[in-house]
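Just below is one structure, and these are the notes that go with it.
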Amino acid sequence: MRARRVMRRRSVARVAVGTAVVAGTAGAVHHHQNQKYAQQDAAAQQGYDEAYQQGAADAQAQQQEYAPPPPAEPAPGTDLNSQLQQLAQLHNAGVLTDEEFTTAKQKLLAS
96 MRARRVMRRR SVARVAVGTA VVAGTAGAVH HHQNQKYAQQ DAAAQQGYDE
146 AYQQGAADAQ AQQQEYAPPP PAEPAPGTDL NSQLQQLAQL HNAGVLTDEE
196 FTTAKQKLLA S
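The sequence shown begins at 96 in the numbering used here and counts up one residue at a time.
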């Protein structure tokens, strides 16, 4: 009888040890996988951030490249009549559209 009790204790102990080993291994594997996925996510996020920054820099450079030049200031000392004649010449030459000519003329007359 005593031998059976000892055998049962040993088999229970073996099961307990086996269960602990399996649980410990599963926990270690789970922890390793979490670290691996976190590193992959961080690398992917860094790639996204770099691509965003590059796109923003490209957009800013493109915007500066295609920005319209500032309007030319009329030369000091020129009178209104000569400025209107210059606008009319630009309009007749096809440089200014009807809308642009009208807008520029109104600005001159308003000033």
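Glycine included, every Cβ here is placed at the ideal spot set by N, Cα and C.
Bounds of the alpha helix (DSSP H) holding Leu175 are 175 to 188. A straight-line Cα-Cα distance of about 21 Å links Glu160 and Ala146.
Rounded to the nearest whole angstrom, the CA to CA distance from Thr198 to Asp153 is 33 Å. Burial check for Leu182: the Cβ neighbour count within 10 Å reaches 16 or more, so the residue is buried. The three-state reading of DSSP puts Thr114 in helix, counting H, G and I together. Less than 8 Å divides the Cβ of Lys200 from the Cβ of Leu179. A direct Cα-to-Cα measurement between Gly150 and Gln130 gives close to 30 Å. The three-state reading of DSSP puts Ser106 in helix, counting H, G and I together. For Leu191, there is no enclosing alpha helix (DSSP H), as DSSP marks it with neither H nor E. Our two residues, Val117 and His127, have alpha carbons roughly 15 Å apart in a direct line.
Comparing alpha-carbon positions, the option among Ser206, Gln158, Ala133 lying closest to Asp174 turns out to be Ser206.
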